[in-house]
Amino acid sequence: MKETGKDFIRLTYYEHLTPSDQSQGVQAPELENPYIGSGPVMHLPKPINLKQGTVLLENTITGRRSIRRFSNAPLTLEELSWLLWCTQGVQKILPPSTIRTVPSAGARHPLDTYVLINRVKGLNPGLYRYIALEHAVAPIRVDAKIGGLLQEACLGQDMVSLAAITLFWVADVYRSAWRYSERAWRYVFLDAGHVCQNLYLAATPLECGVCAIAAFDDEKLNGLLSADGENQFAVYAAVAGKLPSR
């Protein structure tokens, strides 16, 4: 086995870091990459309006399982709103940071969320982006082929197409590196873990299942998500959908 992983850890020790742009007075990057698509932005219902069942946190944690098979029942817009808000929802803007529903190193929140919609009432199937600052979704590519292409990029895992939605998290590493220099390359992966764990927790009262995905063809997935693979790159994904009837 190559020494790649060991080199990554060693070279991101504090003794090897270069001064951060923040320490040198460089202006902070935008809190979120701007949406540049041509489709309309759809603001989602407020997550507080969702009526959901009550589940004890202990039961949620002890009963957690990754689910790869789902019913054909669609999610509602309110349920989609809840899942997106729980994973990246903005609670307060404190420039140059945001306070969200998940922790992030230095409150830098370097992740952008893309959503493959397979079955959500009120939305056509396709690839959307979650605009966290507006709590809205905007179409990136709405056509019959994108689901199959994303499944192929995830090494053919059919749960990408079977689930109601699949979330993809793309790191814009400079949002963290502005403050943490090379150390940021560690933090974006930790942040993705926080986000996906919240998805597991948030799905349970909706009677939904979740399965995280870390196996994907980086170049194919980055290409489909318009990430350059260097400054912006896919770090994690997860499917979610209604549990099958027992």
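Quick note: the sequence shown uses my numbering, first residue 4, plus one each step.
Quick reminder that beta carbons are idealized off the backbone N, C-alpha and C, glycines included.
Since the structure is predicted, the reported quantities are computational estimates derived from the model, not experimental observations.
Query, Result
"Rounded C-beta distance between Ile102 and Ala110? I'm assuming under 8 Å.", "6 Å"
"Closest by CA to Gln115, which one among Ile51, Asn75, Leu136?", "According to the sequence shown, residue 115 is Asp rather than Gln. Ranking Ile51, Asn75, Leu136 by Cα distance to Asp115 puts Leu136 first."
"Alpha carbon to alpha carbon, what distance is there between Pro247 and Leu60?", "22 Å"
"What separation, rounded to the nearest whole angstrom, lies between the Cα atoms of Ala156 and Asp220?", "5 Å"
"I need the DSSP call for Tyr239, collapsed to helix, strand or coil.", "strand"
"Rounded to whole angstroms, what's the CA-CA distance from Leu80 to Val242? Just pull it up for me.", "16 Å"
"CB Trp181 to CB Val29, shorter than 9 Å?", "yes"
"Should Ile70 and Gly196 be called a contact, given that it needs their Cβ atoms to be closer than 9 Å?", "no"
"DSSP has Phe171 in a bridge; who is on the other side?", "Tyr117, Ala240"
"Taking the alpha-carbon positions, what's the Ser84 to Asp24 distance?", "35 Å"
"When we look at the beta-carbon of Ala206 and count the other beta-carbons within 10 Å, is it buried (16 or more) or exposed?", "buried"
"Between the stretch 126-134 and the stretch 206-216, do three or more beta carbon pairs fall short of 8 Å?", "no"
"Helix, strand or coil for Arg132 per DSSP?", "strand"
"Throw me the rounded Cβ distance for the Leu47 and Ala139 pair, which I believe falls under 8 Å.", "6 Å"
"Would the beta-carbon of Pro32 fall within 9 Å of that of Arg189?", "no"
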